[in-house]
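Visitor: Residue numbers (our numbering): 69 to 303.
The beta-carbon is built from N, C-alpha and C at its ideal position, and this holds for glycine as well.
Take a look at the following structure, please.
Dropping the structure here:
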C-alpha cells in the first residue's frame with residue numbers, strides 16, 4: 069500500500085492534477101507511459117500502468133466512468149534485469165575499501181546471506197542463524213527464513229546488526245564498484261553457494277525461493293541440515 073501510494077504521489081498526482089476521472093483520455097495515459105519509457109524508466113512505466121489499471125477498473129465498478137482509458141494504450145512489458153555476481157576480487161575490494169564500519173558490515177550481511185535489500189532491516193540474530201522476513205510471499209502471511217551465520221559472515225556481526233538505509237547502501241556500493249548495484253550481492257551469494265556445492269534445496273531456503281507447492285507443504289528442514297549446508301560456503 070505504501071509503495072503504491074508513493075508512486076501515486078510522485079507520478080500520477082503531479083501528472084493528472086485536478087483532472088476528473090471522466091476527463092482522463094487514453095492519450096493522457098499513453099503520453100505518461102511513453103515519457104517514462106523514453107527516460108529509460110520501463111519498470112516504473114509498467115508499475116504505473118498496473119496501478120492505473122486497478123484505479124480505472126474500480127472506478128468502472130463504482131460507476132464513476134464507463135470505460136477503461138488503458139484499453140487502447142500500448143506499453144512494452146519491462147524485462148527485469150538479473151543481478152551480476154561480483155568476482156572474488158571485487159568482494160574483497162568492496163569490504164576492504166568501504167571504510168564506514170556500519171556500511172561495511174551491512175554490505176557483508178547482504179553478501180553472505182543473499183537477502184533482498186528490502187529484507188535487511190528485518191534481519192536479526194537468533195542463535196547460529198540470521199532470521200529475516202521473506203518479502204516475496206504473496207499469500208498475505210508473514211514468513212521467516214533462516215540463513216546460517218557462516219564463517220564468512222561471522223566477523224562482521226561482532227557489533228550486532230545495524231542496517232543503514234537502502235539509499236546509503238546503494239551509494240556505498242557505487243562508490244567502490246561503480247559497475248555494480250546492491251541487488252548484485254544477492255546474485256553473488258547464490259553464485260558462491262553453487263560454486264561451494266551447497267545443496268539446491270538449502271540454497272532456495274536461504275534466499276527465500278519456493279521449493280514448489282508440494283515441497284513447500286511437506287518440507288521442514290532441520291537446523292542441523294541448514295547449518296551443514298551453510299558451512300560449505302567458505303572460500
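Near residue 116, what residues of its chain come up, given a Cβ to Cβ distance below 8 Å and the 5 sequence neighbours on each side ignored?
Guide: Within the same chain, residue 116 has close Cβ partners 75, 79, 80, 100, 101 and 104.
Visitor: When the Cβ atoms of the segment 246 to 265 are set against those of the segment 165 to 179, are three or more pairs found closer than 8 Å?
Guide: Yes, the segment 246 to 265 touches the segment 165 to 179.
Visitor: To the nearest angstrom, how far is the alpha carbon of residue 131 from that of residue 141?
Guide: 21 Å
Visitor: Here's the rule I'm using: 16 or more other beta-carbon atoms within 10 Å means buried, otherwise exposed. How should residue 276 be labelled?
Guide: buried
Visitor: Contact between the segment 167 to 176 and the segment 257 to 265: three or more CB pairs below 8 Å?
Guide: no
Visitor: Can you give me the start and stop residues for the beta strand (DSSP E) that residue 192 sits inside?
Guide: 192 to 194 is the extent of the beta strand (DSSP E) around residue 192.
Visitor: Kindly identify the DSSP beta-bridge partner or partners of residue 212.
Guide: 201
Visitor: List in chain order: all unbroken alpha helix (DSSP H) runs of 4+ residues lying wholly within the segment 100 to 134.
Guide: 110 to 129
Visitor: Inspect the CB distances between the segment 211 to 230 and the segment 290 to 301 and report whether three or more fall short of 8 Å.
Guide: yes
Visitor: If you reduce the DSSP assignment to three classes, tell me which class residue 282 lands in.
Guide: The pLDDT assigned to residue 282 is 44, lower than 50, so where the model puts this residue is not dependable; a value taken from the coordinates is nonetheless given after this. Residue 282: helix per DSSP, three-state reduction.
Visitor: In chain order, which continuous runs of the alpha helix (DSSP H) of length 4 or greater are located wholly inside the segment 213 to 292?
Guide: 234 to 244, 252 to 263, 268 to 275 and 281 to 286
Visitor: Taking Cβ to Cβ, would you say residue 114 is nearer than 8 Å to residue 145?
Guide: yes
Visitor: Can you tell me whether residue 181 is helix, strand or coil according to DSSP?
Guide: Three-state result, residue 181: coil.
Visitor: Which of helix, strand or coil does DSSP assign to residue 90?
Guide: helix
Visitor: Between the beta-carbon of residue 191 and the beta-carbon of residue 232, is there less than 8 Å?
Guide: no
Visitor: Whole angstroms is fine: what's the gap from residue 152's alpha carbon to residue 247's?
Guide: 9 Å
Visitor: Let me know the secondary structure DSSP gives residue 85 once reduced to three states.
Guide: coil
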